[in-house]
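Same order as they appear, the protein sequences are chains A and B.
Using numbering that gives the first Met the number 0, the first residue of the first sequence is number 0, and each one after it goes up by one.
Using numbering that gives the first Met the number 0, the first residue of the second sequence is number 0, and each one after it goes up by one.
Note that beta-carbon positions come from the ideal geometry of N, C-alpha and C, so glycine has one too.
Since the structure comes first, as structure tokens, the remarks are kept for the end.
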Amino acid sequence: MSEVILKIKNLSKSFPGVLAVNKANLEIESGKVHSLVGGNGAGKSTLMKILAGIYSYGNYEGSFFLNDAECQFKSIVEAENCGISMVPQDLNMVNEMSIADNLFINKQPRSKGIINDHKMLQQSQQILDEFGLNINPTTLVKEIGIAQKQLLVIARAMHNKTKVLILDEPTSTLSSEESQLLFQKIVEAKSKGVACIYISHRLDEVKAISDTITVMRDGCIIETDNAPDMSEKRIVSLMVGRDVDDFYPPKDRTPASCLLKVNSLSVYNQKFPDKKVVDDIQFDLYAGEILAVYGLVGAGRTEMAMGIIGGWRGGVSCDMEISGKKIINRNPSSALNHGIALLPEDRKREGAIDRQSVSRNISASSLPLFSKFGVIDEQKERNNNQKMVDALSIKTPSMDTAFETLSGGNQQKAILSRLISTKSKILILDEATQGIDVEAKYQIYGILDLLALDGKAILFISSDIAEVMGIADRIMIMRHGKVVKTVVNDDSINKEKILWYATIGTEES
Amino acid sequence: MTKSKTEISQYSKNMVMILGVVILFFIFNALTNHIFMSVRNLTLLLKQGSVLMIVASGLMMLLVERNFDLSGGAAVYFISAFLSQMIVNYNLSIPLAITLSICMGLCMGAMNGFFVGIVGVPAFIGTLAAQQLFKGIGYTWTNAATIGPIPESLQFLSEGYIPPLQSAILLTIIAAVGILLVLLNYKKMKQWYNGTAKLIISIFSIIIFYIIALWIFTGYYGIPMCVFFAGSMVAITGFISQKSVFGRNIYSIGGNPEAARLSGIKTKIRVFQSYLYMGLIYGIAGIVITARLGGSTATTGNLIELDAVAAACIGGTSMSGGVGRITGVAMGVFILSAVDNVMSLMNVSSYAQMVVKGLILLTAVCLDVYMNVSRTKMKKEKSKLIAQ
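Here it is in structure tokens:
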């Protein structure tokens, strides 16, 4: 039978002025999956970072015990040697080094002090095979996809000595196939007696994989219960702190005329110019509607968005018209002139403008609207930005606060307000709600609804079926660079149907 | 509430810097037998720093957008040689020669901008090549010879003075306009000022600078022309960087080039334009330095681009882009020139001067790194706070 392997007693961690973790008590059993859920800033990651030695001994109060021995880790390495490994949310891999080098970073197989490349490659290949990754271990990490990277980081953490494996949002970038593979690995680890702590925003996954679920809110542990007794609705209401009856705004929008007509769009791979990542797709986007684009990783959704706005760095052949007029977008700036704005997929890398204030981030795209002869009317600009902060309830101490200090959800809302400020008619949102807390998500849904009611056309790219079904008027399902099916989102649609199209690609037989 | 904390820390950082500079100057004064703080010496010091100031203001914009310019010194030399040649050997009229020099500077900036901005050559390599080109062409053309002397009317552009009375009037007008603009801005932006602390500090510092400037320039011959040009470039750069769409875009590009591109900023064009501005700077700096030296020599402008980097760094411009203010850069130039000046007064050999300057740069950058680390620490804590 499973026994308690990790015991957390009265663990608290405070940052000046804020209690991030408040007297947490938790017991983790070996051979089980224990999920931690909660909004961003609930203290899950902070708690896990203490366990993994990222916040070293002395920087927190309380204690925790591994097999009844108190742990006082001074570093991550020490924690790993004792058997606690953590896969952090941001993928810490060296882009310029090969996969093998990354897998064995700091622990390369050596003979007489010299790295044994042959052995390292062999072992790497073994790991890659185990995870079903068909890549050469000498490939540089920068050349592989984000999902593959995620799997590699997990592979790295699952070494022999691991007794407690902490996974922080591991599936946020994985497709469901890849997630399935990961779950399989977790089950394998479980059978070997490894305790797995699983942090995720995706409740269906949490439900599917966990034995025990703990909900955290504002640094406190609110409730721990067996997974079968935790319904999704109960989890969400515990997370938010109030009952949520209706996740999504009502859909009483009436799409008007066709705003964007894509007659033919093909996008080519950057490295292999013959390979199409988006293969001759066509679709219409109406004013006043939310058209969701669903597909698994590699379906070509991001590439499609980039192709439309002219931001793709490889080849694009595009034939499209706005309100009946043919247009060509050479770069994102000309797309903006045509009234198309994009919220990029990777908030940190493509969205956030670092070391600039919140205000400057909001108006980064719309400065020409607030300026005459290239000189900014700061009052006009500020008024607009203040309006955005109020309307989207962006939580920020002031307009001049550095952007990177905001929480993920608030950053995303600020970037969304950057799009809105441009007064563009067509908004393309690529994974707008990825990795942000539930409350911010609902706010964003509400904002999108208002925008659509206002006559904007919204192309909403998402990997979350529930979200897609909750918000869209129509759903366009993509697979391998092609549009498989576009369906009207009514009662005849269900999750299984959508997933069927996205994975199998044909009509249900 | 939290806002005032960061604001105060920002102010306190500035205050610490200013206090440090003041203490430093008193030490300098003691070391040089009270020569350092004499009106005459301060005027000379400002004159010595003026060309560096002009170059540094252009370079700041490039550093902010994560670019670089190694060709600054060579470009200034080339313009200087070009202008001297035009006047001494080709007998062109001064206004024509000056116009041509500015155009030449713009062309050189455009060349750098084309290769770095449009073609995408890394700035370091592209401008290194340009450095060799400008210098090489100049040396080949003039045989690396000294060209001069230039007419006195041209020398006036650096060595002349705006007489004390006119200087006083000019300074008063500038100070009055400055205060007026600050007040106007306050009136328009009241909602976001969060109290009057910032307003009072702004007005107070304008008045202090006004008094100091009045003391220096009415005590000696007045405002030197080269200082006037340097001041103008500071004002123009300050305006462009803070108030124009171009400047704002430059900061965005420095903050995150990919995000800037995807939010519809024409990054290539903006980079090109920033080098074009640098080209204008080459032209003006080249003219002022020629007027100052009375001609052109092979060592004119030598290594000034690196001094400019040092000055920008000391003044808080971040090497990783997105951060930098013209007031800081001006402060950096002033500190560097003051150190130069004091060591010359103390008869320190120029070799030892290099050692001291190196140490100062290192200290400044370490201080900046330290301050940034403590600030990011605070930020992280704050972000938790907001997240809650």
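- Counting along the chain, no alpha helix (DSSP H) covers A/G61; the unbroken beta strand (DSSP E) around it starts and ends at 60 to 65.
- Around the Cβ of A/N383, a 10 Å sphere holds 16 or more other Cβ atoms; the residue is buried.
- The beta carbon of A/S256 sits closer than 8 Å to the beta carbons of Y285, A286, S322 from its chain, once the five residues preceding and following it are set aside; these are given in chain order.
- Judged by DSSP secondary structure, B/A143 falls outside any alpha helix (DSSP H); it is assigned neither H nor E.
- Per DSSP, reduced to three states, the secondary structure at A/Y293 is strand.
- Contact holds between the region 129 to 149 of chain B and the region 62 to 70 of chain B, because three or more Cβ pairs, one in each stretch, are under 8 Å apart.
- Where A/M475 is concerned, the enclosing beta strand (DSSP E) starts and stops at 473 to 478.
- Taking all protein chains shown into account, B/S295 has 16 or more neighbouring C-beta atoms within 10 Å of its C-beta and is therefore buried.
- Beta-bridge pairing by DSSP links A/E26 to A/K6.
- Boundaries cannot be given for A/C70, as no beta strand (DSSP E) includes it and DSSP labels it neither H nor E.
- Contact of B/V244 with chain A by beta-carbon distance below 9 Å involves L366, P367, F369, S370, G373, V374, I375.
- As summarised for the region 429 to 477 of chain A, the continuous alpha helix (DSSP H) elements at least 4 residues long and confined to that stretch are 437 to 452, 464 to 470, given in chain order.
- Interface with chain B (9 Å Cβ-Cβ cutoff): A/I143 is excluded.
- Residue environment analysis places A/P343 among the buried positions, since at least 16 neighbouring C-beta atoms fall within 10 angstroms of its C-beta.
- Considering only beta carbons, the part of the region 341 to 353 of chain A lying closer than 7 Å to chain B consists of L341, P343, R348, E349, G350, A351, I352, D353, in chain order.
- Cβ-Cβ distances below 7 Å link B/K267 to G116, I117 in the same chain, with the five nearest sequence neighbours on each side left out; the list follows chain order.
- Collapsing the DSSP output to three states places A/S110 in a strand.
- Judged by DSSP in its simplified three-state form, A/M85 adopts strand.
- In the structure shown, the three-state DSSP call for A/L150 is helix.
- Pairwise C-beta distances place the region 355 to 362 of chain A out of contact with the region 260 to 276 of chain A, as fewer than three of them are shorter than 8 Å.
- Taking a beta-carbon distance threshold of 9 Å, B/E257 counts as an interface residue toward chain A.
- Contacts with chain B at 9 Å (Cβ-Cβ) include A/P331.
- Our two residues, B/G315 and B/F333, have alpha carbons roughly 13 Å apart in a direct line.
- At a cut-off of 9 Å between C-beta atoms, A/S397 counts as an interface residue with respect to chain B.
- Per DSSP, the unbroken alpha helix (DSSP H) holding A/D389 starts and ends at 377 to 390.
- Counted as a single uninterrupted DSSP element, the alpha helix (DSSP H) harbouring A/D100 occupies residues 98 to 102.
- DSSP places A/Y267 inside the beta strand (DSSP E), whose first and last residues are 257 to 267.
- B/L261 and A/I289 have their C-alpha atoms roughly 22 Å apart.
- The C-beta of B/L261 comes closer than 9 Å to at least one C-beta of chain A.
- According to the DSSP assignment, B/E257 belongs to the alpha helix (DSSP H) that extends over 256 to 261.
- At a C-beta separation below 8 Å, B/V322 has these neighbours in chain A: R354.
- Identification of chain A residues near B/Y369 by a Cβ-Cβ cut-off of 8 Å yields none; the smallest Cβ-Cβ distance measures about 17 Å.
- Closest by C-alpha distance to B/A143, out of B/A175, B/G112, B/A73, is B/A73.
- With a beta-carbon spacing of about 12 Å, B/V355 and B/F27 fall beyond the 8 Å limit used to define contacts.
- In the DSSP annotation of this structure, the continuous segment of the alpha helix (DSSP H) that includes A/Q124 starts and ends at 116 to 129.
- B/L61 is positioned such that its CB atom lies closer than 9 Å to that of B/Y274.
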